[in-house]
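Per this note's numbering, the sequence shown runs over residues 8 to 460. The beta-carbon is built from N, C-alpha and C at its ideal position, and this holds for glycine as well. None of these values were measured; they are calculated from a predicted model.
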Amino acid sequence: MAQVLEFKLPDLGEGLTEASIVTWLVQVGDVVTVDQPVVEVETAKAMVEVPCPYGGVVTARFGEEGSELPVGSPLLTVAVGTAAEGEGDDEGSGNVLVGYGTTAAPARRRRVRRQDDVPAAAPAAPTRTAPAASPAPAPDATPRSGPVPVISPLVRKLAREHGLDLRELPGSGPDGLILRADVESAMRETVQVRAHVTEAEAVTPAAAPTQAPAQAPASSGTSADGIRVPLRGIRGAVADKLSRSRREIPDATCWVDADATEFMHARVAMNAAGGEKISVLALLARICTAALARYPELNSRVDLAAREVVQLDGVHLGFAAQTERGLVVPVVKDAHVRDAESLSAEFARLTEAARAGRLTPGELTGGTFTLNNYGVFGVDGSTPIINHPEAAMLGVGRIIPKPWVHQGELAVRQVVQLSLTFDHRVCDGGTAGGFLRYVADCVEQPAVLLRAL
Numbered sequence: 008m009a010q011v012l013e014f015k016l017p018d019l020g021e022g023l024t025e026a027s028i029v030t031w032l033v034q035v036g037d038v039v040t041v042d043q044p045v046v047e048v049e050t051a052k053a054m055v056e057v058p059c060p061y062g063g064v065v066t067a068r069f070g071e072e073g074s075e076l077p078v079g080s081p082l083l084t085v086a087v088g089t090a091a092e093g094e095g096d097d098e099g100s101g102n103v104l105v106g107y108g109t110t111a112a113p114a115r116r117r118r119v120r121r122q123d124d125v126p127a128a129a130p131a132a133p134t135r136t137a138p139a140a141s142p143a144p145a146p147d148a149t150p151r152s153g154p155v156p157v158i159s160p161l162v163r164k165l166a167r168e169h170g171l172d173l174r175e176l177p178g179s180g181p182d183g184l185i186l187r188a189d190v191e192s193a194m195r196e197t198v199q200v201r202a203h204v205t206e207a208e209a210v211t212p213a214a215a216p217t218q219a220p221a222q223a224p225a226s227s228g229t230s231a232d233g234i235r236v237p238l239r240g241i242r243g244a245v246a247d248k249l250s251r252s253r254r255e256i257p258d259a260t261c262w263v264d265a266d267a268t269e270f271m272h273a274r275v276a277m278n279a280a281g282g283e284k285i286s287v288l289a290l291l292a293r294i295c296t297a298a299l300a301r302y303p304e305l306n307s308r309v310d311l312a313a314r315e316v317v318q319l320d321g322v323h324l325g326f327a328a329q330t331e332r333g334l335v336v337p338v339v340k341d342a343h344v345r346d347a348e349s350l351s352a353e354f355a356r357l358t359e360a361a362r363a364g365r366l367t368p369g370e371l372t373g374g375t376f377t378l379n380n381y382g383v384f385g386v387d388g389s390t391p392i393i394n395h396p397e398a399a400m401l402g403v404g405r406i407i408p409k410p411w412v413h414q415g416e417l418a419v420r421q422v423v424q425l426s427l428t429f430d431h432r433v434c435d436g437g438t439a440g441g442f443l444r445y446v447a448d449c450v451e452q453p454a455v456l457l458r459a460l
C-alpha cells in the first residue's frame with residue numbers, strides 16, 4: 008500500500024524565510040524520481056529549482072504560481088511504494104539542502120492516467136486549476152484565447168493586480184516578449200491618464216441634472232497616492248540590507264579624478280595580442296586586488312560582539328549588476344588569485360546568470376569588497392552605500408574625453424572619477440586615501456601594477 012509523504016519548502020539558506028512559486032515543473036499524477044526538480048521558486052536572492060527527496064507519484068501541490076510560501080510550509084505530497092513508482096526511492100536523498108539536489112540529469116516525468124483521466128486522489132489543497140467563474144470577474148491579465156509571449160508568472164501577476172490586459176500591451180523583448188518593464192510602463196501611463204482626467208474634471212465639471220447629487224468617480228483600483236509596489240523578493244532584500252548598512256556603518260567617501268588614457272591603451276594592446284578579450288571591469292578588479300594587498304584594512308568586516316575588526320585573507324570581489332529583477336551583487340570568489348583573463352571570464356559568466364535570474368545563493372553571498380561600475384549608466388560620480396557587512400566599495404564613473412593638463416600642456420585625455428566609500432571604524436582617512444591614490448596611479452600608469460605582481 009502506498010505511503011503519502013509530505014515535502015515541505017526547505018530552508019534555502021542565508022536566512023531566507025519565504026519564496027515565491029514561479030513555475031511548477033510537475034503536475035498532480037506525475038511520477039517523480041529522487042532529486043528530480045519539481046518547482047522553480049524565486050527567493051530574495053535568486054531563482055532556484057527545488058528537488059524532491061522522494062520518489063513516487065505526486066498526489067497534491069500546495070500553492071499557485073506567483074504565490075508566496077514560508078519556509079517549512081507544505082510544498083507537495085508524494086505517494087511512495089507504488090507499482091507506478093518505477094525508479095523512485097522512498098528513502099529520500101537527503102540532498103535537498105546540498106546544492107539543491109544532485110548533479111545527475113533528472114529522469115523524464117511520466118504521467119499516470121486512470122480510465123477517466125482523473126489524477127490520483129489528493130488531500131484538499133490548492134493546485135494549479137482554473138479559478139471558478141464569478142458573476143463579475145476582475146480584469147484578467149492572462150489571455151482567454153491566443154498565446155501572449157510572457158516569460159514570467161510574476162509579470163502576469165503584476166499585470167493582473169493592476170487590471171492590465173496583456174493582450175493589449177506591446178512587448179519590448181525578443182519576438183515581442185512582454186517584460187516587467189513593459190507592464191510597469193503601462194501602469195505609469197494608466198496613472199497619468201487618470202490624473203489628466205481628474206484634472207480636466209476639476210477644471211471643467213461635466214453638466215449634470217441639478218437635482219442629482221454629484222457622483223464620485225468609479226474606483227480604479229489604484230490608491231490616491233499613486234502606485235504601490237510591495238517591497239518583496241529581491242527588492243525587499245536590497246531595502247533591508249541597505250537600511251542595515253546605513254544604521255550600522257559610519258561611512259565616509261573620498262574621490263579623485265584620474266587620467267585613464269594609458270589604461271585604455273593598455274587594454275587595447277592586451278586584446279590585440281590575441282586570446283580571450285579582457286574587459287575594463289576585469290582590469291579594474293585586478294587593480295583592486297593589488298590595492299587590497301597593500302591596504303588589507305579595507306578587506307575586512309567588524310565583529311560587533313567581540314568589538315574587533317577582522318581582516319580577511321582572501322578577496323571575494325562583489326560587483327553591482329543591474330537586472331530586470333533589480334540590483335544584484337554577484338561575487339567572484341578568490342579574485343586575488345585570478346589573472347585578468349580569468350576575472351573577465353567570471354564576470355561574463357556571472358553577469359549572464361544574473362540577467363537570466365539563475366544566480367545561486369552561494370554566488371550572491373560571501374563578498375569581502377565590492378566594485379561598482381556605475382559609469383555604465385552615464386554618470387561620473389556617486390556615494391554608494393556599502394554592501395553590509397563589507398568595509399568598503401570602490402566606485403567607477405564613466406571614462407570620457409575631458410581637458411586635462413598632460414606633461415605641462417592642456418590636452419584632451421580620457422578621464423574617470425574614482426570614489427571610495429569606506430567604514431570609518433576599520434581605518435582612517437589616510438589609509439582610505441592611500442588605497443584610492445594607489446588605484447588612481449595604476450589607472451594613470453598601468454606599469455605601476457607590474458611592481459605588485
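If you draw a straight line from the alpha carbon of residue i to that of residue j, how long is it in whole angstroms?
| i | j | result |
| --- | --- | --- |
| Thr149 | Pro337 | With a pLDDT of 39 at Thr149, under the threshold of 50, the modelled position of this residue cannot be trusted, and the question is left open. |
| Phe442 | Val316 | 18 Å |
| His413 | Glu451 | 11 Å |
| Leu311 | Val245 | 22 Å |
| Gly321 | Leu425 | 23 Å |
| Leu32 | Gly440 | 53 Å |
| Arg242 | Ser252 | 15 Å |
| Val433 | Lys15 | 43 Å |
| Val403 | Pro368 | 26 Å |
| Arg444 | Val263 | 8 Å |
| Leu171 | Ile256 | 42 Å |
| Arg174 | Val190 | 12 Å |
| Ile185 | Pro177 | 7 Å |
| Leu12 | Val29 | 23 Å |
Which residue wins for smallest C-alpha separation from residue i, given the options the options?
| i | options | result |
| --- | --- | --- |
| Asp258 | His431, Leu238 and Pro44 | His431 |
| Glu269 | Val422, Ala398 and Gly321 | Val422 |
| Leu249 | Ala276, Gly178, Ser307 and Leu334 | Leu334 |
| Ala352 | Val64, Leu290 and Val245 | Leu290 |
| Ile406 | Ala399, Asn306 and Phe384 | Phe384 |
| Gln43 | Ala26, Thr24, Gly63 and Ser27 | Gly63 |
| Phe326 | Glu370, Val48 and Thr30 | Glu370 |
| Ala67 | Leu82, Thr296 and Leu76 | Leu82 |
| His169 | Ala193, Leu186, Pro368 and Asn306 | Ala193 |
| Thr260 | Thr438, Met277 and Val190 | Thr438 |
| Pro453 | Arg235, Ala313, Val287 and Ala9 | Val287 |
| Gly463 | Phe354, Val339 and Asp247 | The chain is shown only over 8 to 460; residue 463 falls outside these bounds and no answer can be derived. |
| Ala86 | Gly79, Val38 and Met54 | Val38 |
| Pro60 | Met271, Gly70 and Val45 | Val45 |
| Val65 | Val55, Met54, Gln10 and Ala53 | Gln10 |
| Ala265 | Pro58, Glu75 and Val446 | Val446 |
| Leu427 | Gly436, Thr50 and Ile185 | Gly436 |
| Glu348 | Ile285, Leu417 and Pro237 | Ile285 |
| Val35 | Gly70, Ala231 and Gly79 | Gly70 |
Which partner residues of residue i appear in the DSSP bridge assignment?
| i | result |
| --- | --- |
| Thr377 | Gly325 and Met400 |
| Met54 | Glu49 |
| Glu315 | Asp310 |
| Thr260 | Thr428 |
| His413 | Glu416 |
For residue i, report the span of its beta strand (DSSP E) as first-last.
| i | result |
| --- | --- |
| Leu82 | Pro81 to Val87 |
| Ser426 | Glu416 to Asp430 |
| Lys15 | Gln10 to Lys15 |
| Ala2 | With the chain represented from 8 up to 460, any question about residue 2 goes unanswered, as that position is not in the structure. |
Would you please state the rounded distance, in angstroms, between the beta carbons of residue i and residue j? I believe it to be under 8 Å.
| i | j | result |
| --- | --- | --- |
| His323 | Ala342 | 7 Å |
| Ala399 | Ile393 | 7 Å |
| Ser179 | Ala188 | 7 Å |
| Thr375 | Asn278 | The pair is not a contact, with the Cβ atoms about 29 Å apart (cut-off 8 Å). |
| Arg293 | Leu357 | Wrong, their Cβ atoms sit about 16 Å apart, outside the cutoff. |
| Leu378 | Ala53 | Going by Cβ atoms, the distance from Leu378 to Ala53 rounds to 20 Å, so no, they are not a contact pair. |
How would you write the range of the alpha helix (DSSP H) that residue i sits in, first residue to last?
| i | result |
| --- | --- |
| Thr30 | Run containing Thr30: none in the alpha helix (DSSP H); it sits in the beta strand (DSSP E), Glu25 to Trp31. |
| Phe270 | Thr268 to Ala279 |
| Gly437 | Gly436 to Glu451 |
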